[in-house]
Amino acid sequence: AQSVTQLDSQVPVFEEAPVELRCNYSSSVSVYLFWYVQYPNQGLQLLLKYLSGSTLVESINGFEAEFNKSQTSFHLRKPSVHISDTAEYFCAVSEVSGNTGKLIFGQGTTLQVKP
Amino acid sequence: ETGVTQSPTHLIKTRGQQVTLRCSSQSGHNTVSWYQQALGQGPQFIFQYYREEENGRGNFPPRFSGLQFPNYSSELNVNALELDDSALYLCASTRDGVSYEQYFGPGTRLTVT
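Chains as they are written, first to last, in my numbering: chain A, 1 to 115; chain B, 116 to 228.
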């Protein structure tokens with residue numbers, strides 16, 4: 001079985017400051033890793049994903065995440081946040097060999113960007 | 116290309132009643148998964164339907180059931196509603212059950228009183 005732990009429930013940060021949202025996972029099998037973002041009263045949007053290859057993955061809006069297999073982590077970072085980045089962020093995993101497409105989510109981290 | 120749509124947007128039911136939620140998958144997708152997101156929590160996998168058959172189920176009781184239709188749209192049915200069933204219900208569609216190209220709908224907010 002897999003599990004995902006997001007180490008911070010809330011992260012307050014000032015606009016233009018850097019931010020890191022932490023995610024650790026546990027799994028006995030190989031997994032894909034994801035970050036999803038949820039704006040208020042909306043569904044989930046895929047921010048970025050790690051499937052294989054380069055351990056550093058980037059999104060089109062400046063976020064990046066690095067897969068660290070030895071530390072079983074997939075932390076999300078952005079060098080300079082905007083007010084519009086205020087949202088709930090979810091880390092998730094799924095089995096590489098699974099056939100259900102089941103995603104296991106963490107509890108979420110609320111990113112609060114202050115002016 | 117149309118995205119994933121869900122209906123209704125909001126719903127209020129009384130404990131003990133039954134509810135049906137609907138999901139239309141993204142064009143070209145033959146797989147639909149349903150998730151329950153309680154307030155302040157991450158989504159939890161309920162089940163997945165692939166080509167009209169249940170293809171995996173999470174830790175939810177049998178009163179949670181589903182259907183997938185030939186056009187790959189889907190329904191989630193919940194019988195004997197309990198207060199703890201109050202949540203945002205999300206559906207996600209993909210092709211052939213793959214996890215890494217799932218697209219989520221906006222969700223249905225269910226409130227059980």
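Ideal Cβ positions, reconstructed from N, Cα and C, are used throughout, including at glycine.
Best match in the options for proximity to residue i [C-alpha to C-alpha]
i              : options                        : result
N24 (chain A)  : A:L111, A:P115, A:G106         : A:G106
G118 (chain B) : B:P185, B:D211, B:A207, B:S214 : B:A207
V147 (chain B) : B:T124, B:Y204, B:L198, B:Q133 : B:Y204
R166 (chain B) : B:L198, B:N145, B:R130         : B:N145
N192 (chain B) : B:R224, B:F179, B:V213         : B:F179
Q159 (chain B) : A:N68, A:V113, A:E58, A:L103   : A:L103
S188 (chain B) : B:Q141, B:T129, B:Q133, B:G173 : B:Q141
L111 (chain A) : A:Q2, A:L7, A:S3, A:A1         : A:L7
S9 (chain A)   : A:C91, A:S97, A:V96, A:E95     : A:C91
W35 (chain A)  : A:K78, A:N41, A:G53, A:I83     : A:K78
V113 (chain A) : A:E95, A:A1, A:H82, A:V96      : A:H82
S54 (chain A)  : A:P12, A:F74, A:V13, A:N41     : A:F74
G62 (chain A)  : A:L48, A:Q2, A:T72             : A:L48
L51 (chain A)  : A:V37, A:E66, A:I60            : A:E66
Buried or exposed by the 16-neighbour rule on C-beta atoms within 10 Å, applied to residue i
i              : result
G43 (chain A)  : buried
G222 (chain B) : buried
S28 (chain A)  : exposed
G155 (chain B) : exposed
Y39 (chain A)  : exposed
E88 (chain A)  : buried
D211 (chain B) : exposed
D85 (chain A)  : buried
F184 (chain B) : exposed
E197 (chain B) : exposed
T100 (chain A) : buried
L33 (chain A)  : buried
G143 (chain B) : exposed
K69 (chain A)  : exposed
E58 (chain A)  : exposed
T109 (chain A) : buried
N170 (chain B) : buried
E168 (chain B) : exposed
T209 (chain B) : buried
Delimiting residues of the beta strand (DSSP E) encompassing residue i
i              : result
E216 (chain B) : Note, E216 (chain B): premise wrong, no beta strand (DSSP E); not H, not E.
P12 (chain A)  : 10–14
E197 (chain B) : Here E197 (chain B) belongs to no beta strand (DSSP E), and DSSP marks it neither H nor E.
T226 (chain B) : 223–227
S75 (chain A)  : Position check: residue 75 (chain A) holds His in this sequence, whereas Ser was assumed. 73–78 is the extent of the beta strand (DSSP E) around H75 (chain A).
A172 (chain B) : Note that residue 172 (chain B) is Arg in the sequence shown, not Ala. Counting along the chain, the beta strand (DSSP E) containing R172 (chain B) begins and ends at 168–172.
H125 (chain B) : 125–128
T109 (chain A) : 109–114
A202 (chain B) : 202–209
V81 (chain A)  : That residue, V81 (chain A), is in no beta strand (DSSP E); it is neither H nor E in DSSP.
L56 (chain A)  : 56–58
Integer Cβ distance of residue i from residue j, believed to fall under 8 Å
i              : j              : result
T226 (chain B) : I161 (chain B) : The pair is not a contact, with the Cβ atoms about 18 Å apart (cut-off 8 Å).
P115 (chain A) : E20 (chain A)  : Not quite, the Cβ-Cβ distance comes to about 20 Å (not below 8 Å), so this is no contact.
T124 (chain B) : G220 (chain B) : Contact flag wrong, Cβ pair sits at about 10 Å.
V96 (chain A)  : V31 (chain A)  : 6 Å
Q151 (chain B) : A202 (chain B) : 5 Å
Paired residues, beta bridge with residue i - DSSP
i              : result
T120 (chain B) : B:S139
Y187 (chain B) : DSSP lists no partner for Y187 (chain B).
V31 (chain A)  : A:E95
K49 (chain A)  : A:F34
I104 (chain A) : A:V93
G181 (chain B) : B:L191
L21 (chain A)  : A:L76
Q133 (chain B) : Beta-bridge pairing links Q133 (chain B) to no other residue.
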